[in-house]
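Peer 1: My structure is below; once you've seen it, I'll send some questions.
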Amino acid sequence: MDVSGIMDSLRYRAPWQKVARVILKNQGFHVGQGWDDTLPDIDALHAVGAADAAKLEDALIEHLIAGEKSLQFYSASRENLDWLLATARKSSPSKHELVSIFPGILPEPALAVMGDVPPKFCKIIDTDIGSALIFVASRAYQKRVKLSPDSIKASVAGDLEFDSIIGIINHRAVVYDAIWIPADAEFAVVLADYPTDVTTDFPVPSHLALRKFLSKQLKEDVEASNLFESVATLYGAPDGDLVELGFITDDDSVKHLKARQGKKSLRKDSYHSAGSKEVGESLQPFRVAVRWGRKLSSGLTSHPELLLPGTSRHIFGVNHLLTEAVFRNGLNLGDLGLIISKLAANI
Amino acid sequence: MSELAFLSERELLMCEKLIEVISSRLASRAQGVWTYSNLAKWTGSKVGDPVFMNCVNLLAMHPDFRVLEMHLLFFDPEDPESDGIPLDDEQTAHALAADGFLVNPRTGDRVQNYKSTIVPYFKPSKRLEDGAHG
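These protein sequence lines are chains A and B, in that order. The first sequence begins at 94 in this note's numbering and counts up by one. The second sequence begins at 330 in this note's numbering and counts up by one.
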């Protein structure tokens, strides 16, 4: 794939500030203010050597596997997982066009002609830390966009004036899902695509399809693991910055705190520290997000974030399972490995 | 203060009041958030008062003062739940320039009419903090 196509795919997929610019810098590319200031001209793209282009393509594929995902964990014996991997290595990729152009993208009109495409097996990638079965799909979703009130004022009857006008676009996206099998682990992780601008139900069709795939391959009905125990583990752990927290105490209120803007952890937040000291063990967390800093070989840092999106129902409810984890700002499989290591103990 | 002869008497008084408020906030454990509206509340002024606005801007921009450092928070228009993303020094410099621009940290694309998406706030300048601790 040429560098221009790789850049288009990266622009299509990766959050700019925390992911795309770090990937490009890490690969030695010039990075300016935003894409327009960064994309090299055609001559510069032609000058990129084949080896550098291949490295950038590998970085893109790692991001397509690990970036912006909803995670579900499935326990399985190592023997069954090895068998699943061996079968996948012998399987031919789907002949679907979305698979044949991977990791490239198709323009939206071409996707619209195809309609919804369920996850199609694309390829398997083996690394030292695990193997990934990659699937490609396509799905439509609604996107809210803010419009300038001035631009449509003339078409509104009467004297109505709007401060804000919201439009809804039916947007169609290429969806990248994966099944990640960490080396030596006794579980598989389904990574359902979950871009930043979609609604919370977006990953559901991918989770359903890949759970069905796993059940078929492992010849048993698999159920996603309950991750709720990890909420308290992550809250109590000393590492990473706690950037979101939902909790209850013995008061009649549900508390939510967020601290993504700065560099401080909620664990050091003076309001939360004083409050948690006051209420002691009656503080019960149900939702946490933790952000880690991971040094890359180039000296740059990635900031993968893991959210366990529980609600107070997970505390009050009976048999109310938390089966989903949300992984944001992941650059590559190293970030994925870090996130999984934080949950593995409770799987 | 002869070099500040361009200031009216009201402006001089307002600057003194602001410096007093800033100094006491700096010495306090609870500094609060230094927004235009909070600085107005703490000095008993109104945000729309040109004397107040001139004085805050003077304390942030004038080379003889520079006790306040202006920072910007970006509220993504496509994310109604945005809590505001602090812009770094380079992004702030581009946004405040006369022919400035702002790149959305999420998409990497330039934001149309970006001035309505950013909100200023202040922090003590290094000069002020050095003075407070020196």
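We put the beta carbon where it would ideally sit given N, CA and C, even for glycine.
Where does methionine 399/B sit, in a helix, a strand or coil, going by DSSP?
Peer 2: Here methionine 399/B sits in strand by DSSP.
Peer 1: Please report the distance separating the alpha-carbon of glycine 373/B from that of phenylalanine 430/B.
Peer 2: 34 Å
Peer 1: In whole angstroms, what is the alpha-carbon distance linking proline 392/B and tyrosine 443/B?
Peer 2: The C-alpha of tyrosine 443/B is placed about 27 Å away from the C-alpha of proline 392/B.
Peer 1: Beta-carbon of methionine 330/B versus every beta-carbon of chain A: anything under 8 Å?
Peer 2: The predicted model places methionine 330/B with a pLDDT of 47, which falls under 50 and marks its position as unreliable, so this point remains unresolved.
Peer 1: Does the beta-carbon of glutamate 410/B have 16 or more other beta-carbons within 10 angstroms, so that it is buried, or is it exposed?
Peer 2: exposed
Peer 1: Rounded to the nearest angstrom, what separates arginine 353/A and glutamate 201/A at their Cα positions?
Peer 2: 32 Å
Peer 1: Please list, in chain order, all residues of the same chain as alanine 281/A whose beta carbon is under 8 Å from its beta carbon, the five residues on each side excluded.
Peer 2: Phe166, Tyr167, Ala169, Leu174, Leu177, Ile272, Trp273, Ile274, Leu307
Peer 1: Can you grab the Cα-Cα spacing for the pair isoleucine 408/A / phenylalanine 379/A, in whole Å?
Peer 2: 7 Å
Peer 1: Please work out which residues of its chain come closer than 6 Å, Cβ to Cβ, to valine 380/B, disregarding the five sequence neighbours upstream and downstream, and give them in chain order.
Peer 2: Arg339, Glu340, Met343
Peer 1: Based on DSSP bridge pairs, tell me the residues matched to cysteine 451/B.
Peer 2: Sequence inspection shows phenylalanine at residue 451/B; the cysteine mentioned does not correspond to that position. Phenylalanine 451/B is bridged by DSSP to Trp363/B, Met399/B.
Peer 1: Could you give the residue range of the alpha helix (DSSP H) that holds alanine 152/A?
Peer 2: 143-159
Peer 1: Are three or more beta carbon pairs between the region 447-461 of chain B and the region 390-408 of chain B nearer than 8 Å?
Peer 2: Counting C-beta pairs with one atom in each stretch, the region 447-461 of chain B and the region 390-408 of chain B have three or more that are closer than 8 Å, which means they touch.
Peer 1: Using a threshold of 8 Å, state whether the C-beta atoms of isoleucine 217/A and alanine 181/A are closer than that.
Peer 2: yes
Peer 1: Any heavy atom of the ligand NAD closer than 7 Å to the CB of isoleucine 227/A?
Peer 2: The ligand NAD is absent from the structure shown, which contains no ligand whatsoever.
Peer 1: Nearest by alpha-carbon distance to histidine 396/A: which of Ser102/A, Lys188/A, Lys357/A, Arg421/A is it?
Peer 2: Arg421/A
Peer 1: In chain A, what lies closer than 9 Å to glutamate 407/B by C-beta?
Peer 2: Contacts between glutamate 407/B and chain A, judged by CB atoms closer than 9 Å, involve Lys236, Arg237, Val238, Lys239, Asp290 in chain order.
Peer 1: Between the region 326-352 of chain A and chain B, which residues of the former have a C-beta closer than 8 Å to a C-beta of the latter?
Peer 2: Per Cβ criterion, the list reads Lys351.
Peer 1: Please report the straight-line C-alpha distance between valine 324/A and alanine 143/A, rounded to a whole angstrom.
Peer 2: Their Cα atoms are separated by approximately 45 Å.
Peer 1: From the DSSP output, in three-state form, read off serine 331/B for me.
Peer 2: Low confidence applies to serine 331/B: its pLDDT is 48, below 50, so where it sits in the model is not reliable, and the reading given next is rough at best. Serine 331/B: helix per DSSP, three-state reduction.
Peer 1: Can you tell which of Ser357/B, Leu347/B, Asp418/B, Cys384/B has the C-alpha that lies nearest to the C-alpha of phenylalanine 335/B?
Peer 2: Cys384/B
Peer 1: With three or more beta-carbon pairs closer than 8 Å as the criterion, would you say the region 345-365 of chain B touches the region 191-208 of chain A?
Peer 2: no
Peer 1: My understanding is that valine 112/A touches leucine 399/A, with C-beta atoms under 8 Å, so please give their C-beta distance in whole angstroms.
Peer 2: Actually they are not in contact, since the Cβ atoms of valine 112/A and leucine 399/A sit about 15 Å apart, beyond 8 Å.
Peer 1: Does the distance from the C-beta atom of valine 267/A to that of leucine 191/A stay below 8 Å?
Peer 2: yes
Peer 1: In terms of alpha-carbon separation, which member of Val315/A, Lys348/A, Leu103/A lies closest to glycine 127/A?
Peer 2: Leu103/A
Peer 1: What residues in the region 364-398 of chain B bring their beta carbon closer than 8 Å to a beta carbon of chain A?
Peer 2: none
Peer 1: Which runs of the alpha helix (DSSP H), 4 residues or longer, sit entirely within the region 186-223 of chain A?
Peer 2: 190-193, 201-207
Peer 1: Along the chain, where does the alpha helix (DSSP H) that runs through aspartate 101/A open and close?
Peer 2: 96-106
Peer 1: Please list, in chain order, the chain A residues whose beta carbon lies closer than 9 Å to that of threonine 421/B.
Peer 2: Those within 9 Å of threonine 421/B in chain A number zero; the least Cβ separation is about 12 Å.
Peer 1: CA-CA distance, methionine 207/A and glutamine 235/A?
Peer 2: 18 Å
Peer 1: Please go through the same chain and pick out, in chain order, the residues whose beta-carbon is closer than 6 Å to the beta-carbon of isoleucine 99/A, but skip the five residues on each side of it.
Peer 2: Leu149, Glu150, Leu153
Peer 1: Could you confirm whether any beta carbon from chain B is found closer than 8 Å to the beta carbon of tryptophan 385/A?
Peer 2: no
Peer 1: Using a Cβ cut-off of 9 Å, pull out every chain B residue sitting near tryptophan 109/A, in sequence order please.
Peer 2: Val432, Asn433, Pro434, Arg435, Thr436, Gly437, Asp438
Peer 1: If we ignore side chains and look at the alpha-carbon of each, how far apart do isoleucine 262/A and proline 186/A end up?
Peer 2: 32 Å
Peer 1: Taking the C-alpha atoms as reference points, what is the distance between histidine 365/A and leucine 414/A?
Peer 2: 27 Å
Peer 1: Any beta-carbon of chain B closer than 8 Å to the one on aspartate 129/A?
Peer 2: yes
Peer 1: Does aspartate 418/B get closer than 8 Å to chain A when you measure Cβ to Cβ?
Peer 2: no
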